[in-house]
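Engineer: Residue numbers (full-length UniProt numbering): 1 to 198.
1) What does the Cβ neighbour count give for residue 29, buried or exposed, with the cut at 16 atoms within 10 Å?
2) Would you be able to state if there are at least three C-beta pairs under 8 angstroms between the stretch 128–140 and the stretch 93–102?
3) Hey, out of 62, 56, 71 and 120, whose CA is closest to residue 11's CA?
4) Find out if the Cβ-Cβ distance for the pair residue 172, residue 107 is shorter than 8 angstroms.
5) Roughly how many angstroms separate the alpha carbons of residue 36 and residue 25, rounded to a whole number?
6) Return the bridge partner residues of residue 39 from the DSSP annotation.
7) Does residue 91 pass the burial test, meaning 16 or more other C-beta atoms within 10 Å, or should it be called exposed?
8) Who are the Cβ neighbours of residue 38 in its own chain at under 8 angstroms, not counting the five residues just before and after it?
9) Scan the stretch 66–131 and note each continuous alpha helix (DSSP H) run of 4 residues or more that stays entirely inside, going in chain order.
10) In the structure shown, what three-state DSSP assignment does residue 166 receive?
11) At the level of alpha carbons, what is the spacing between residue 53 and residue 46?
12) So for residue 12, helix, strand or coil by DSSP?
13) Specify whether the stretch 111–129 and the stretch 157–170 touch according to this definition: at least 3 beta carbon pairs, one from each stretch, less than 8 angstroms apart.
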């Protein structure tokens, strides 16, 4: 029995449960007014579409991971499992690219649409994009013929750029919120309470 596949599926399913819980909360704030359950007059359809798209990608990825796990336990054959694995890698990479793009957009908006503040994350996002294409291509091609390339280096670049984008953009957003809260000086405001939590 392939224990690592089962453990990975268990952890992914557990995280998916947490994700669905936060998704419901997110959808509530996207579609309903801040006070009560009245539909918003103006819904941010771009953000709602991205939210639903990411949910669909996560759900498809979980289903494919389940197929890979069942297939490895029932010996479906390496070629089929490799092809499913390529699709899951593509879905996961696309999801990361979308989520990072939204985070960069939020950072850009918080800083008054300043391109200077998001230049580094945008460059790193293109690094994520490029390494994603190379990584998926190499994984897909190595199914049929071996290629002499350091795949671990490609994924290291991918995840390093992803981590830097997340730390940079999140820190920049938090810094900006804390700075605005300090400048306003309103100790009893919701903004100040949020800043204390951050």
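Cβ atoms here follow ideal geometry from the backbone N, Cα and C, with glycine treated the same way.
Structural biologist: In this structure, then:
1) Taking the chain shown and counting its residues from 1, the one referred to as residue 29 is at position 29. Exposed is the call here.
2) yes
3) Position 11 of the chain shown holds residue 11. Minimum Cα distance to residue 11 is reached at 62.
4) Stepping through the chain shown from its first residue, residue 172 is reached at position 172. Stepping through the chain shown from its first residue, residue 107 is reached at position 107. Result yes, Cβ atoms of residue 172 and residue 107 sit closer than 8 angstroms.
5) Within the chain shown, numbered from 1, the residue matching residue 36 stands at position 36. Within the chain shown, numbered from 1, the residue matching residue 25 stands at position 25. Approximately 13 angstroms, taken between the alpha carbons.
6) Locating residue 39 in the chain shown gives position 39, where the first residue counts as 1. Answer by DSSP bridge pairing, in chain order: 32.
7) Locating residue 91 in the chain shown gives position 91, where the first residue counts as 1. By the neighbour-count rule (16 or more Cβ atoms within 10 Å), residue 91 is buried.
8) Position 38 of the chain shown, counted from the first residue, corresponds to residue 38. So the qualifying residues of the chain are 32.
9) 78–110
10) The count along the chain shown starts at 1 and reaches residue 166 at position 166. Of the three classes helix, strand and coil, the one that applies to residue 166 here is helix, per DSSP.
11) Numbered from 1 along the chain shown, position 53 holds the residue referred to as residue 53. Numbered from 1 along the chain shown, position 46 holds the residue referred to as residue 46. So the alpha carbons of these two residues sit roughly 11 angstroms apart.
12) Start at 1 with the first residue of the chain shown, and residue 12 comes out as number 12. Residue 12: helix per DSSP, three-state reduction.
13) yes
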